[in-house]
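I have placed the structure first, in the form of C-alpha cells, so that the comments after it can refer back to it.
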Amino acid sequence: MGLYAPECFKMTKKYGLNMLVTTDPEIKNHMREILKQVEAWLMACKVEKLILAIKSKETMTVLERWQFDIQNTKDHHSTSGASLNNHSNKENMGLPSRDGNNLSTAGSSTGSGQQPKQEKTEKEIQSEIQAILRQITASVTFLPMLDEKCTWTILCQTEKDAEVPATWSDADPHLVHNAEQVKLRSFSTNLHKIDALVAYRLNDDL
Amino acid sequence: MQPSLFARLSPPTHRSSVAALDQENDIPYSRVRSRIIEPEEYEQTRKKLKDAQYELSSTKNELEHKIIIMEQAAREAEMLKKKLMSRVDSLESDRRFLYTQEKTLNTKYQALEDSSRDSKAELNEIIRTLREENMDVKERFTKLREESRATESELSLKVRTLSASLTHQQQALAETKDTSQSQSSLAAEKHRQLAEALDRIIELEDQNRQLRIHEQGLEDVARVEKELKNQVAYIKQLEGTNRQLTADCKHYKEMYRNVEVLKEEKTALEQKLKMLDDLRVKCGMLEVQKDILAQEKKQWTAFLERSDTTDFNSPYDLAKAVASLRSEKVALLEARGEFEATLKYRDRQIEELEQQVDTLQKAVLDQEEFCKKQASIARQHAKTKELALRQVESLKQQLKSYDTEETQLMGGSYDNQKNFRIEQLENLVQEYHEKLEGVLNSTTHQFDDSLASSGSLQLLQSMQNDTSASISELNRGRQALFEAKQRLEQEIEILRRENTSLDAKVLELELATGTGAFNPVTSRILEIKDSPASRHQAVRQHMLDSLKEENTALLKAVADLQQQQQQYGAFLQTHDSGDREVAIRDEGLIPAASYNRLKGEHRQLLEDMAENTKRSKRLKESWTLKADEFLDAVRSLLGYKVNFLDNGRVELISVYSAEEDQSFVFTSGLHDEGTMQLVGTGSQKFMEDHKETFDHWVNQLGSIPAFLSRVTLNLVEKEARQDTEQQPVFHRRHIQDEDYTQNSDMMMDV
Chain S
1 MGLYAPECFK MTKKYGLNML VTTDPEIKNH MREILKQVEA WLMACKVEKL ILAIKSKETM
61 TVLERWQFDI QNTKDHHSTS GASLNNHSNK ENMGLPSRDG NNLSTAGSST GSGQQPKQEK
121 TEKEIQSEIQ AILRQITASV TFLPMLDEKC TWTILCQTEK DAEVPATWSD ADPHLVHNAE
181 QVKLRSFSTN LHKIDALVAY RLNDDL
Chain L
1 MQPSLFARLS PPTHRSSVAA LDQENDIPYS RVRSRIIEPE EYEQTRKKLK DAQYELSSTK
61 NELEHKIIIM EQAAREAEML KKKLMSRVDS LESDRRFLYT QEKTLNTKYQ ALEDSSRDSK
121 AELNEIIRTL REENMDVKER FTKLREESRA TESELSLKVR TLSASLTHQQ QALAETKDTS
181 QSQSSLAAEK HRQLAEALDR IIELEDQNRQ LRIHEQGLED VARVEKELKN QVAYIKQLEG
241 TNRQLTADCK HYKEMYRNVE VLKEEKTALE QKLKMLDDLR VKCGMLEVQK DILAQEKKQW
301 TAFLERSDTT DFNSPYDLAK AVASLRSEKV ALLEARGEFE ATLKYRDRQI EELEQQVDTL
361 QKAVLDQEEF CKKQASIARQ HAKTKELALR QVESLKQQLK SYDTEETQLM GGSYDNQKNF
421 RIEQLENLVQ EYHEKLEGVL NSTTHQFDDS LASSGSLQLL QSMQNDTSAS ISELNRGRQA
481 LFEAKQRLEQ EIEILRRENT SLDAKVLELE LATGTGAFNP VTSRILEIKD SPASRHQAVR
541 QHMLDSLKEE NTALLKAVAD LQQQQQQYGA FLQTHDSGDR EVAIRDEGLI PAASYNRLKG
601 EHRQLLEDMA ENTKRSKRLK ESWTLKADEF LDAVRSLLGY KVNFLDNGRV ELISVYSAEE
661 DQSFVFTSGL HDEGTMQLVG TGSQKFMEDH KETFDHWVNQ LGSIPAFLSR VTLNLVEKEA
721 RQDTEQQPVF HRRHIQDEDY TQNSDMMMDV
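Set out below in C-alpha cells:
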C-alpha cells in the first residue's frame, strides 16, 4: 500500500535531519531529469509552482497535492512597480497573486519591500528548510492513510512563454476534490520565497 | 412684619432691590395679600429652583471635572514639556558634542589640508628636482648620443678604411701568394736544377775520379774544370737566387701574419659595429622611454598645476603618496559630509522639537488661560450657587414662618389657604420678575442713576449668558461628537462588511489555489511525459484498449457463431437430421486480441514478478545489513563472533582467541526451543584448558553465558599477561587498538 516499500529507502542525513532517501536508481534518474529541467526554468524565472500529486492507482483520483509556490523575490525587489502592476492585474482576474495567496501577505511583502533587504546566510536558509522538512515529516499525523496502491507525478506550473522541451507536455492540473488544505511553513533564499501547502482528499465517509 | 416678609420672599440678589422698590412704591400689605402666589406656581418655582440647583450642581461638577481634566492635561503638558526640555537639553548636548566634534574635525581637516598643502609643496619640490634631474639626464643623454654618433662615424670611417686596407691587403696577399707560388715553383725548379747540378757534379766528380784514376787527357780535365767552374758559378748564382727567394718568402710570411692580424682586427671591428648597432637600438628605446617620461612629466605637471618641486625617490612613491592623500581626503570629505548630514538632521530635529515645544507652550498657555477662565467661571458659579442656596434657605425660612403664621392665625382651612398663599406668592414672584425685567430695561437707559443695581444685573445676565452659552456650546459639541460617532460607526460597519466579504473572497481563492486552480491565460501546467503516473496510466490505457479490442473481436466471434448456428438451424430444418450433432469449429473462437491481451498481461506479470524479485532482493540486502549490524553489535558487546553454521549449529569464537579453531559449537536443544547445548569445540586443547570452568559454570551452575564470560575474562587476562611480558609500555595501547569499543570493562578487570 502507499507508494514505495520502506526498504526502498535509506536513512541519510540532510539539512541536519535524518531523512529517508530512495535507493531506487530509476527514481533517482527520474528525479534528476525533472530537477534538471526545473533548474533551467528556475534560472529563467519561469517557474510559478511545483506540485507533487499522489494519485490512486485504481481510481486515478488525486489523494494528496503538495504545492510549493515559488516567488522570485530578487525580481520582485528589483521591479516592485512591475510586480505591483502584475499583482493588480491578477486581482482583476480574480486570481491569487504570485506574491502570496492572500492580500495580507501581498501587503506585507510590498510593505517590507521598501525596507533594505537583508541577505540571508546559508545557515538561516538551512534552518528554514529544516523547519519545513520537519513539518512535512510531521504531516503524517494529520494526513489520511494511503490504504491503496498509489502513484505519483510532479507537475510544474510555469509562465505561458516558458520553453518546453519535447520530454514535457501540458498536463491536467490534478485538482483535489472534496479537499482539506493545510498551509505549511515558508522558506526563502536570497532569490526565492517558497510557500508550501498540502491539499488532501477527505474520506467520503467522513 | 409684612415688609420683612416681602423682603424675605424676594430673591437674595435682586429681592433686596425689589424690596427697595416696594418700599419706594409703598405697596400695601393688602395688595400683597391679594397677590399671594398660587401653590402651583410655587411648586413650579421650587421645581425651577431645583432644576436650576441641579443644573448648577451638574455644571459645577462638569466644570470641576473639566478643571481636573485640564489640570491633568496641564500636568501632562508640564511633564511633556519637561520631557521635551530634557530632550532639548540632550539634543543640545548632542549638538554641542557634534559641534565640538565638527570643530575638532574641522581642525583636523584644516591640519590635514595644511599637511596636504605642505606635502603638495614638497611634492612640487620633488617634481622640480626631478625635472632638473631629468634635464640633466636629457643633456647627458644628448651628449652621449652625440658622442656615440661621433664614435660611430669615426668607427665607421675606421671600419671603412680598415675594410679598404683589408681588401688592399687581401689583394696584395693574393698577389704575394701568386708571386710566392711562382717564386716557390721557381725555387723548386732551381732546387731541382741544383739537385740535378749536384747530381751532375757528383757524376762529374766520379768521372773526374775515374779520369784521375785512369789518367785521361789534360784537355778533358781542363774542360771538365771549366765546366765545373761554370757549374759552380751557376750553383752560386742559384744559391744567391735561393737566398733572395728565401728572404722574399720570409717577408711574405711576415706579411701573411699581418693579414691574420688584420683579419682579427676586422672581426673585432665587426663586433664593435654590432655593439654600436645594439647601442643604437638602445638609444632608440631610451628615446622612447624619454618621450614617455616626458609625457608622464607633462601629465604630472598638468595634474599638480604648479611647477614642480618634490623630493620623492621615484614617481611610484609620488603616485602612491598622492593616491593615499587622495583617499584620505575623500574619506575625510565623506566623514565631514556624514557629520554635516547628521548635524543638519539634528538641527532639523531640534528645530522641529523647538517648534513643537513652542506650540506646546502656546497650548499650555492657552490651556492655562482657559483653566483660569474656567476657574473664574467656576468661582462665579460657586458664588451663584451660594446665593441660590441662601435664597433657598431664605425661602425655606419664609415658608416656615409662613407656616407658623398660618397655623397661628388660621385654624381651619390651612391647606387651601396655604395653597392660595403660595399662589399669591408665586404671582408676586412673577410680578416681581416682570417688574425686574422692566427695571432692567429701564436701567439699561439709566446707567448713571442706578449703576449698582444695573451692574449686579449685568453680572447676573452675563453669568446666565455665559452659563447658557457654555451649556449650549457643550451641547453643540456633544451633538457634533455624537453625529461623528454615528458616522464613524456607520463607516466601521461598512468597512467590516467589506472586510468580511474580502476575507471570504480570499478564503475562497486560497481554497481554489490549494486545490489546484490556476489561470490558463498566464500559466500552464507541465508534466514530464515519462512519469510513474503516466507510465501507469499508459499501461492501463493499453490494457483498456486491448480489452476493448478483445471485446469487439469476441462480439464479432459471437455474431459469427450465432450466424453459423442459424445457418445450421436452417440446414437442420431443411434436411431433417434430428440426431445429428452440430459441429462448431474451434478455429477462430479465441480472437487474436485475446491472445495479445494475455501476452500483455503475461508481460505485466513478468514485470511484477521482477519487481517482487527486486523487492525481495532489497529485503534480503537490508536483512543482511541488519544481521551484520546485529552480529557486529554482539561481537563488540559480548566479545564473541557468532557463526550460524549450515547444519543449524552455532559457532562462537572469542575475539580474544589466539587462533581461529578456539571456538565453541552449540546446537539447539530438543524441538528447537531456543535452549542451546555445547556440542564441541574447534580445538581439543582449548576445551581441556577450559574444562574446569565449563564444569563449574555449566554443569554445576547451568549458565552458559556465565561460562562464556569467564572464558572471555580468562582470555583477556592471559592476553594482558602476555602483553605485559612482551611490551609493557605499549600494553594498553595494543589492547585498545585491537578493539577499543568492546573491552573497556574488561580492561578495568585487568
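Residue numbers (the UniProt record's numbering), protein chains in the order written: chain S, 1 to 206; chain L, 1 to 750. By construction, the Cβ of each residue, glycine as well, lies at the ideal position given by its N, Cα and C atoms.
- Between Glu7/S and chain L, the shortest Cβ-Cβ separation is below 7 angstroms.
- Below the 9 angstroms Cβ cutoff, chain S contributes no neighbours of Asp628/L, its closest Cβ being approximately 15 angstroms away.
- DSSP places Thr712/L in the uninterrupted alpha helix (DSSP H) bounded by 704-726.
- Setting aside the 5 residues that flank it on each side, Leu84/L is surrounded in the same chain by Val357, each with a C-beta closer than 6 angstroms to its C-beta; the list follows chain order.
- DSSP places Ile194/S within a strand segment (E or B) once states are collapsed to three.
- A distance below 8 angstroms between beta-carbons, with the five flanking residues on each side excluded, links Lys158/L to the following residues of its chain, in chain order: Leu269.
- Put simply, the backbone Cα of Glu510/L is about 12 angstroms away from that of Gln67/S.
- For the region 522-536 of chain L, the beta-carbon criterion of a distance under 9 angstroms to any beta-carbon of chain S is satisfied by Thr522, Ser523, Arg524, Ile525, Leu526, Glu527, Ile528, Lys529, Asp530, Ser531, Pro532, Ala533, Ser534, Arg535, His536.
- Contact check for Ile70/S against Val47/S passes: the beta carbons are separated by less than 7 angstroms.
- Counting the other Cβ atoms within 10 Å of the Cβ of Leu198/L gives fewer than 16, which makes it exposed.
- Residue pairing for Gly680/L: DSSP places it in a beta bridge opposite Val665/L.
- If you compare the alpha carbons of Glu719/L, Val330/L, Gln361/L, Thr179/L with that of Lys82/L, the shortest gap goes to Gln361/L.
- For Asp69/S, the enclosing beta strand (DSSP E) begins and ends at 62-72.
- For Thr23/S, no alpha helix (DSSP H) run applies, since DSSP gives it neither H nor E.
- Taking a contact to require three or more Cβ pairs closer than 8 angstroms, the region 55-63 of chain S and the region 174-181 of chain S qualify as touching.
- DSSP places Ala627/L inside the alpha helix (DSSP H), whose first and last residues are 592-638.
- Contact between the region 162-172 of chain S and the region 525-534 of chain L is present: three or more C-beta pairs spanning the two stretches fall below 8 angstroms.
- Taking 7 angstroms as the cut-off, the Cβ atoms of Ile129/S and Phe187/S count as close.
- If you look at Thr693/L, you'll find it isn't in any beta strand (DSSP E); it sits in the alpha helix (DSSP H) that goes 691-694.
- Looking at the DSSP output, Arg201/S shares a beta bridge with Ala179/S.
- Below the 8 angstroms Cβ cutoff, chain L contributes no neighbours of Ile194/S, its closest Cβ being approximately 15 angstroms away.
- No Cβ-Cβ contact shorter than 7 angstroms links Leu286/L with Leu166/L.
- A contact between stretches requires three or more CB pairs, one per stretch, nearer than 8 angstroms, and the region 532-550 of chain L meets this requirement with the region 148-164 of chain S.
- When only Cα atoms are considered, Glu113/L and Ser327/L end up about 13 angstroms apart.
- Lys120/S sits in coil when the DSSP states are folded into three classes, being neither helix nor strand.
- Straight-line measurement puts the Cα of Gln37/S at about 28 angstroms from the Cα of Pro6/S.
- Pairing Gln53/L with Glu386/L, the inter-Cα distance amounts to about 10 angstroms.
- When the alpha-carbon of Ser127/S is set against those of Tyr15/S, Met1/S, Asn190/S, the nearest one is in Tyr15/S.
- Here the region 694-708 of chain L does not lie against the region 642-650 of chain L, with fewer than 3 beta-carbon pairs under 8 angstroms apart.
- By the CB criterion at 7 angstroms, Lys10/S and Thr522/L fall outside the cutoff.
- At a cut-off of 7 angstroms between beta-carbon atoms, Thr693/L makes no contact with chain S.
- Contact annotation for Lys160/S against chain L: Pro520, Val521, Thr522, Ser523, Arg524 [CB-CB distance below 9 angstroms, chain order].
- At a cut-off of 7 angstroms between beta-carbon atoms, Ile70/S makes no contact with chain L.
- Along the region 144-160 of chain S, going in chain order, the ones with a CB nearer than 8 angstroms to a CB of chain L are Thr151, Trp152, Thr153, Ile154, Leu155, Cys156, Gln157, Thr158, Glu159, Lys160.
- Within the DSSP bridge table, the entry for Gly2/S names Lys149/S as partners.
- At a C-beta separation below 7 angstroms, Val21/S has no neighbours in chain L, since its nearest C-beta there lies roughly 14 angstroms away.
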